[in-house]
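Residue numbers 3 to 324, in my numbering, belong to the letters of the sequence shown in order.
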Amino acid sequence: MTETRRLAERVIRLEAAAILGLIDKLDERLERAVALLHGCAGRVIVTGMGKSGIIGRKIAATLASTGTPAYFLHPAEGMHGDLGMVARGDVVLALSNSGETDEVLAIVPPLKRLGVPIVLMTGHPSSTLARQCEVVLDTSVSEEACPMNLAPTSSTTAALALGDALAMVLLERRGLRPEDFAALHPRGTLGWRALFRVSDVMHTGDAIPTVREDALMKDVIVEMTRKRLGMTTVVDAAGRLIGVITDGDLRRLHLGGEPIAELAAGRVATRGAKLIAADDLAAKALEVMETFAITSLVIVDGEQRPSGVIHLHDILRAKIDV
3 MTETRRLAER
13 VIRLEAAAIL
23 GLIDKLDERL
33 ERAVALLHGC
43 AGRVIVTGMG
53 KSGIIGRKIA
63 ATLASTGTPA
73 YFLHPAEGMH
83 GDLGMVARGD
93 VVLALSNSGE
103 TDEVLAIVPP
113 LKRLGVPIVL
123 MTGHPSSTLA
133 RQCEVVLDTS
143 VSEEACPMNL
153 APTSSTTAAL
163 ALGDALAMVL
173 LERRGLRPED
183 FAALHPRGTL
193 GWRALFRVSD
203 VMHTGDAIPT
213 VREDALMKDV
223 IVEMTRKRLG
233 MTTVVDAAGR
243 LIGVITDGDL
253 RRLHLGGEPI
263 AELAAGRVAT
273 RGAKLIAADD
283 LAAKALEVME
293 TFAITSLVIV
303 DGEQRPSGVI
313 HLHDILRAKI
323 DV
């Protein structure tokens with residue numbers, strides 16, 4: 003192993019160990035912190051200085067995007083007017099690995115006068131700052147990944163992981179649903195994956211390509227050409243799905259040399275067509291298509307009659323539009 007790889011592996015192992023080391027510290031203090039954050043009538047104010055502040059910004063963004071109103075307050079700016087954004091009913095989530103950060107200590111008295119509780123994430127649970135906070139979460143690490151044991155590395159990784167844990171526990175407590183998450187991410191892949199369902203983009207009614215099992219292939223080709231989905235469903239006399247015929251099936255028949263015009267659709271149809279439910283996410287339909295290298299899925303009702311067809315292009319168009 004090269005020296006570069008050895009050093010990189012050391013960093014990753016130390017930071018992984020720092021995260022795993024948090025597990026034994028998940029005690030009643032975590033429960034109290036979650037209770038405070040979940041019961042917050044206002045907003046969660048995340049604060050921290052330096053590298054802790056950068057991690058705090060990410061935690062605030064994660065909280066806000068998963069249903070917990072939150073924003074980041076720079077402690078130095080807080081002492082120059084930004085504390086005016088804090089109100090009774092808010093809760094502060096502070097980050098300070100040392101627990102002695104001057105800028106964070108400076109905003110504690112005004113927060114106390116407002117009656118705002120403080121949850122602290124720190125590597126030193128007996129520090130000056132810790133003694134003034136309602137809940138202290140221990141994020142201490144045995145060693146920084148920095149070769150000099152100085153630069154915040156393992157400690158910031160641990161803080162970020164604990165912040166994610168808090169956000170996800172709160173997400174569960176709030177009962178956030180995929181559609182709620184999508185409402186907070188209305189554009190881009192996240193919103194699309196959580197918002198669009200098969201029923202939103204599938205073809206229904208007369209737009210569903212359908213032929214009876216006794217239909218001749220020349221009529222099948224007409225139906226496929228008219229509906230322009232590259233396939234058709236094949237149903238029995240009661241309208242129940244028997245299978246599907248695709249453009250690929252037509253090509254394979256033609257290359258086989260057998261005259262196809264007079265063949266019956268039921269003889270050609272591929273049984274066991276891949277199905278999808280109308281209320282499934284469009285992202286799931288896309289995953290099924292990619293897994294089985296197909297371009298269409300059929301939706302059936304309780305009587306196994308085709309009620310819709312979703313095509314790969316429908317999903318891609320919807321994804322582009324959001």
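Yeah, the Cβ is synthetic: ideal placement off N, Cα and C, and Gly gets one too.
In this structure, DSSP gives P308 an extended state, which the three-state scheme calls strand.
Judged by their CB atoms, M291 and L283 are not nearer to each other than the 8 Å cut-off. In the three-state scheme derived from DSSP, where H, G and I count as helix and E and B as strand, T64 is classed as helix. Straight through space, the alpha carbons of T206 and R307 are spaced by roughly 12 Å.
Membership of I223 in the alpha helix (DSSP H) is indicated by the continuous run 219-229.
S98 sits buried, since 16 or more C-beta atoms from the chains shown fall within 10 Å of its C-beta.
Counting the other Cβ atoms within 10 Å of the Cβ of A43 gives fewer than 16, which makes it exposed. Just measuring C-alpha positions, the residue of A263, T103, A285 sitting nearest V203 is A285. Here R228 is exposed, its C-beta having fewer than 16 other C-beta atoms within 10 Å. Judged by beta-carbon spacing, V36 lies within the 8 Å limit of L172, meaning their Cβ atoms are closer than that value.
Residue nearest to R269 within the set V48, M219, I109, R90 is M219 (criterion: CA-CA distance). Counting along the chain, the unbroken beta strand (DSSP E) around M233 starts and ends at 233-237.
Counting only runs that start and end inside the stretch 131-157, the beta strand (DSSP E) elements of at least 3 residues fall at 137-140.
Taking a contact as a CB-CB distance under 8 Å, the pair T235 and I262 does not count as one, their CB atoms being some 18 Å apart. Boundaries of the beta strand (DSSP E) around M123: 120-124. Sequence-distant Cβ neighbours of G310 in its own chain, meaning closer than 8 Å and more than five residues away, are V200, S201, M204, H205, T206, I210, A280, V300, I301.
When secondary structure is reduced to three states using DSSP, I244 falls in the strand class. When rounded, the separation of the alpha-carbon atoms in H40 and E174 is 10 Å. Straight-line measurement puts the Cα of D208 at about 18 Å from the Cα of I247.
Rounded to the nearest whole angstrom, the CA to CA distance from G259 to I223 is 17 Å.
With 16 or more neighbouring CB atoms inside 10 Å of its own CB, F74 falls in the buried class.
Rounded to the nearest angstrom, the gap between the Cα atoms of G245 and G177 is 40 Å. The criterion of a C-beta distance shorter than 8 Å is satisfied by G101 and H126. Secondary structure of F74 (DSSP, three-state): strand. When C-beta atoms of the stretch 17-36 are compared with those of the stretch 59-73, fewer than three pairs fall below 8 Å, so the two segments do not count as touching. Closest in C-alpha terms to L113, from the list R214, P77, L28, comes P77.
The residues G245, V246, V300, in chain order, have a CB closer than 6 Å to that of A275 in the same chain once the five nearest residues on each side in sequence are set aside. Per the DSSP secondary-structure output, V290 pairs with nothing in a beta bridge.
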